[in-house]
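Participant: Taking the numbering used here, the leading residue of the sequence shown gets 245, the next gets one more, and so forth. No residue lacks a Cβ here, since even glycine has one placed at the ideal position from N, Cα and C. Here's a structure for you.
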Amino acid sequence: MVRRIALPIEANTALLLEETLKIEEEVERQREVDLVGQLITAAHKNRKPCWGSRKPLLALQEWRVWQLVYTAGFNMRGSQCTNCEALLASESDPCAYCGQPVGAVNDLIQLAAERVFDPGGKVEQVRGPAAAST
Numbered sequence: 245m246v247r248r249i250a251l252p253i254e255a256n257t258a259l260l261l262e263e264t265l266k267i268e269e270e271v272e273r274q275r276e277v278d279l280v281g282q283l284i285t286a287a288h289k290n291r292k293p294c295w296g297s298r299k300p301l302l303a304l305q306e307w308r309v310w311q312l313v314y315t316a317g318f319n320m321r322g323s324q325c326t327n328c329e330a331l332l333a334s335e336s337d338p339c340a341y342c343g344q345p346v347g348a349v350n351d352l353i354q355l356a357a358e359r360v361f362d363p364g365g366k367v368e369q370v371r372g373p374a375a376a377s378t
């Protein structure tokens, strides 16, 4: 059981759904806070989480990312190689990996999330208190 709520006996389904969704939202925000707390603890113990933009992109390029956690609304410009499709934090030319031209990308997070999710990794967008911790 997550939590009990008291509703009037004559409560309609709309009220029941509204109250249930509030509880679900609270549970989800707490789960996100717990996840971010675990990542912060792991970082302090040098257990390999990456923060910022460059380290996660390098880990992504090396296929070492199994879970990507980012703040809702976070958007990052960068570039993608036209040859090897490497994702880069800067919009520099040429690609740092293969030397070929790169193209500007408006939403680097979306491309990174797809790269993690496609082979079966986890992608988590956090909001509220968890987002404030990142």
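Mapping the DSSP letters down to three states, classify Val246 as helix, strand or coil.
Facilitator: Note: Val246 maps to coil in three-state DSSP.
Participant: Do the stretch 365 to 373 and the stretch 297 to 316 meet, that is, are 3 or more Cβ pairs less than 8 Å apart?
Facilitator: At 8 Å Cβ cutoff, the stretches touch.
Participant: Can you tell which of Ala330, Glu335, Ala258 and Arg275 has its C-alpha closest to the C-alpha of Asn350?
Facilitator: Per the Cα distances, Glu335.
Participant: Using three-state DSSP, classify Leu251 as helix, strand or coil.
Facilitator: Looking at Leu251 - three-state DSSP - the assignment turns out to be coil, as it is neither helix nor strand.
Participant: Note down, one range per segment and in chain order, each alpha helix (DSSP H) of at least 4 residues found wholly within the stretch 286 to 352.
Facilitator: Listed in chain order, they are 298 to 305.
Participant: Can you check DSSP and say which residues form a bridge with Gln369?
Facilitator: According to DSSP, Gln369 bridges with Tyr314.
Participant: Beta carbon of Tyr314: closer than 7 Å to some heavy atom of the ligand NAD?
Facilitator: In the structure on display, the ligand NAD does not appear, and there are no ligands present to speak of.
Participant: Taking its Cβ as the centre, do 16 or more other Cβ atoms sit within 10 Å of Glu276, making it buried, or is it exposed?
Facilitator: Looking at its Cβ environment, which holds 16 or more other Cβ atoms inside 10 Å, Glu276 is buried.
Participant: Evaluate Pro252 with the Cβ neighbour count: other Cβ atoms within 10 Å of its Cβ, from every protein chain shown; 16 or more gives buried, anything less gives exposed.
Facilitator: Label assigned to Pro252: exposed.
Participant: Tell me which same chain residues have a C-beta within less than 6 Å of the C-beta of Asn327, skipping the five on either side of it?
Facilitator: Excluding sequence neighbours, Asn327 sits near Cys342 and Gln344.
Participant: I need the straight-line Cα distance from Thr257 to Ile249, nearest angstrom please.
Facilitator: Approximately 14 Å, taken between the alpha carbons.
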